[in-house]
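To keep things clear, I will list the structure first and then write my remarks on it.
Chains as they are written, first to last, in this note's numbering: chain P, 1013 to 1183; chain Z, -6 to 233.
The following block contains the structure:
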């Protein structure tokens, strides 16, 4: 009886582990190496900004949402990066993907960041950028190609961003 | 019915017709095979590919279909004289003949539709409608966005950056929309939003009813200053 149980147990484990071992976790689709899809969005200050107008500069695009806790930590870090590297040719754009633009505006005001915050109330831009998780920070080089895609944020990640930014600014 | 739906309809009808031909051609072949008729197998494959082509490439069918049209009669005729088909009662031939006549009519209709479609594909500029935006002076209006509706359907919503608005003020003309419309009467409504006099939010609409003829149509949305009223003015000019 005991032998039977052991055999059944092994069979069950094999049954579960087999397919799992065979399944390769598909990499999330990414835009790295491709042209950054152009967009024009209204900013919290009422001005419209078009991404393609920043061709020739290194652009950091941070997609964020109120409900993504990491955004709360990431935005002040990005503001510091912006104030340091803005003069060197870096442009930081924050894009809110919240449907409620009023609350997104309030959130952005509370964060007191100095870089432009754009409001994407339609899902079009998020869809073009294949966004699945929040926040997402992309680095676009001077020729408009997405070079780095960073999903999520934890303390210390700003150093990774700095390395990426310095590399792109040197090009 | 628009071009796309017509194309789908034609391909669909062509497919049904092709299947009908294949079935229609297959039956006599089977009957002929049973009677050891040597002509029938040669006739059947020649017809089947023509039917297949008609489903895959409608434009290529135009010459092929009329050429294939007399074939069914030939098949029936070919099967008939070689061997006696006394098994089939005369009533069935009558039905078959009616079916063949119906198919011929379908082929003629399909050919007509393909001809019209070909004309439309060859001369797409005839359906073109282009809308341009221009600004004169612009002291009383800072452009923010333009929304276009044609026949009550939103076709474009364009947000202007400061740089783009400045380019318009310098005399630039922007092609904001390029699309296709059928010949006939249409209505274009343009909504302009921005900052008006005294930095107030401003939204105005302008409408034009136009006749789309056989040639391309050009419309210009003009934003000008009405100095006497200290207000912007929005006009739609129909370029003939």
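From the three backbone atoms N, C-alpha and C, an ideal C-beta is built for every residue, glycine too.
Check                                                                                                                  : Outcome
Chain-ordered chain P contacts of residue 156 of chain Z [CB-CB under 7 Å]                                             : 1065
Within chain A, partners of residue 1140 of chain P - CB distance below 7 Å                                            : The structure shown contains no chain A; its protein chains are P and Z.
Where the region 194 to 214 of chain Z meets chain P: residues whose CB sits under 9 Å from a CB there                 : none
When P:1161, P:1167 and P:1051 are compared against residue 1177 of chain P, the one with the closest alpha-carbon     : P:1161
DSSP-derived helix/strand/coil call for residue 1171 of chain P                                                        : helix
CB contact flag (residue 1070 of chain P, residue 1180 of chain P, <8 Å)                                               : yes
Counted within 10 angstroms of its Cβ, other Cβ atoms place residue 222 of chain Z as buried (16 or more) or exposed   : exposed
Chain Z within 8 Å of residue 1117 of chain P, Cβ atoms only                                                           : no
Residue 150 of chain Z (DSSP reduced to helix, strand or coil)                                                         : strand
Alpha-carbon to alpha-carbon, residue 203 of chain Z and residue 171 of chain Z                                        : 16 Å
In DSSP terms, what residue 128 of chain Z is bridged to                                                               : Z:216
Under 8 Å between C-beta atoms of residue 1107 of chain P and residue 1072 of chain P                                  : no
Cross-chain neighbours of residue 171 of chain Z in chain P, by beta carbon under 9 Å                                  : The contacting residues do not exist; residue 171 of chain Z stays about 18 Å from chain P at best.
C-beta neighbour in chain P for residue 221 of chain Z, strict 8 Å                                                     : no
Cβ contact (3+ pairs, closer than 8 Å) linking the region 152 to 163 of chain Z and the region 1054 to 1064 of chain P : yes
Separation of residue 1045 of chain P from residue 1183 of chain P, as counted between CA atoms                        : 15 Å
Distance between residue 106 of chain Z and residue 1155 of chain P (C-alpha atoms, nearest Å)                         : 48 Å
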